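Structure, as structure tokens:
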Amino acid sequence: MEEIEELGDLHVQSNVRNPQLVIVAQLLQQIATMQNIDELLRWIAQAIVQFTDAQVVQFWSQQANRVGEYSTDLRTIVCQDVLLPQHFIINFQTEALATRMLQEQHGPTLLQVENIFYSHQAILVKRYGLNYCSGYFIHSRTLLPPMRNDTSTGKIATPLKMAAVFFFRQPPSQKLLFALGYILEHMLQAAKQHGLLCYPAHSSPTTTPLTSLQPSLAELIPQRLTSWHGSPHLSLLFALPSKQARHVHTAIDGQRNIQELAQLTGLDIDTIYTALQELLGQQRIRLCEPGGQPIDSMLLLNAS
Numbered sequence: 001m002e003e004i005e006e007l008g009d010l011h012v013q014s015n016v017r018n019p020q021l022v023i024v025a026q027l028l029q030q031i032a033t034m035q036n037i038d039e040l041l042r043w044i045a046q047a048i049v050q051f052t053d054a055q056v057v058q059f060w061s062q063q064a065n066r067v068g069e070y071s072t073d074l075r076t077i078v079c080q081d082v083l084l085p086q087h088f089i090i091n092f093q094t095e096a097l098a099t100r101m102l103q104e105q106h107g108p109t110l111l112q113v114e115n116i117f118y119s120h121q122a123i124l125v126k127r128y129g130l131n132y133c134s135g136y137f138i139h140s141r142t143l144l145p146p147m148r149n150d151t152s153t154g155k156i157a158t159p160l161k162m163a164a165v166f167f168f169r170q171p172p173s174q175k176l177l178f179a180l181g182y183i184l185e186h187m188l189q190a191a192k193q194h195g196l197l198c199y200p201a202h203s204s205p206t207t208t209p210l211t212s213l214q215p216s217l218a219e220l221i222p223q224r225l226t227s228w229h230g231s232p233h234l235s236l237l238f239a240l241p242s243k244q245a246r247h248v249h250t251a252i253d254g255q256r257n258i259q260e261l262a263q264l265t266g267l268d269i270d271t272i273y274t275a276l277q278e279l280l281g282q283q284r285i286r287l288c289e290p291g292g293q294p295i296d297s298m299l300l301l302n303a304s
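Sequential numbering from 1 applies to the sequence shown in the UniProt record's numbering.
Right, dumping it as structure tokens:
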């Protein structure tokens, strides 16, 4: 694969101690040469397959058309085994998994392939060493353009919602899951900074100061949830949140609003929002009005 060669002189291997650092370092060197978001997604998928134990990487996106209909589109796929028949892992079951991730706005830490495919399909997939699956949900207020090679009419730039799906031979470690999250986070940041994603006309990539926030948003009160409400099919352990999210989660007492959390934790507002969005995405918290009435979490999820 030509793009793999661009990753540098390192040999193809999956036993790199800190693959996230290797990949992000190479990404920062290569990002300026990339012409569109799908080129970046392809590069990242190939890098993950090269430097980690992931056997297959898929990126799925939610895309809208001009009449307001949404579809789940496969943006790219990279397989370590070039002999793996594509229809084994590009079918309505994997599309359904990606769609569920996009709808529920989180990804499972671990699923066995038997939980995704019918029994006879799972047997075939396992013959190629694909035994486990994990995923991440990626979102942003920035707009994701349609695929350049998409000949269907009417597709438009859509607020970014993506599902990154990974297949493994062995159960991935928490360290590897963290590394994948780190890579995806930096991928999104690089895409924004280098113009591979665009901002809505009414917004910009500049930091929003706390004092300029709408009072209703700054006064919302996060409350912890004692249980998550995911699909029974995906009701497994979820990836632990980031250090900042853990810090914010600890500070949440059901009484402090967002502004008070920012003051208490000493975190800047962008970090607070990122942490809250992570906790919302994993259904660890909900947002309430000052009077205690729960509100639609999309108000904050769409705020950055």
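C-beta atoms are modelled at their ideal positions from N, C-alpha and C, and glycine is treated no differently. Computed from a prediction, not measured in an experiment: that's the story for all the values here.
- Around I31, the same chain offers A190, H194 as residues with beta carbons nearer than 6 angstroms, after the five sequence neighbours per side are excluded.
- Rounded to whole angstroms, the Cβ separation of G107 and Y136 is 5 angstroms, and the two are in contact under 8 angstroms.
- Residue pairing from DSSP leaves A45 without any beta-bridge partner.
- Under DSSP, the beta-bridge partners assigned to R286 are Q223.
- Separation of the CB atoms of V78 and V57 is rounded to 5 angstroms, and the pair is thereby assigned contact status at 8 angstroms.
- Rounded to whole angstroms, Q277 and S242 show a C-alpha spacing of 11 angstroms.
- If you look at Y136, you'll find it isn't in any alpha helix (DSSP H); it sits in the beta strand (DSSP E) that goes 132–144.
- A direct Cα-Cα distance of roughly 17 angstroms separates I295 from Q103.
- Fully contained in the stretch 233–277 is no beta strand (DSSP E) run of length 3 or more.
- Around the C-beta of A98, 16 or more other C-beta atoms lie within 10 Å, and the residue is accordingly described as buried.
- Between Q170 and N115, the CB-CB gap reaches or exceeds 9 angstroms.
- Of G254, M187, A275, the smallest CA-CA separation from R246 is found for A275.
- Looking at the backbone, the Cα of S71 and that of I89 are separated by about 18 angstroms.
- V165 is a Cβ neighbour of W60, given a cutoff of 9 angstroms.
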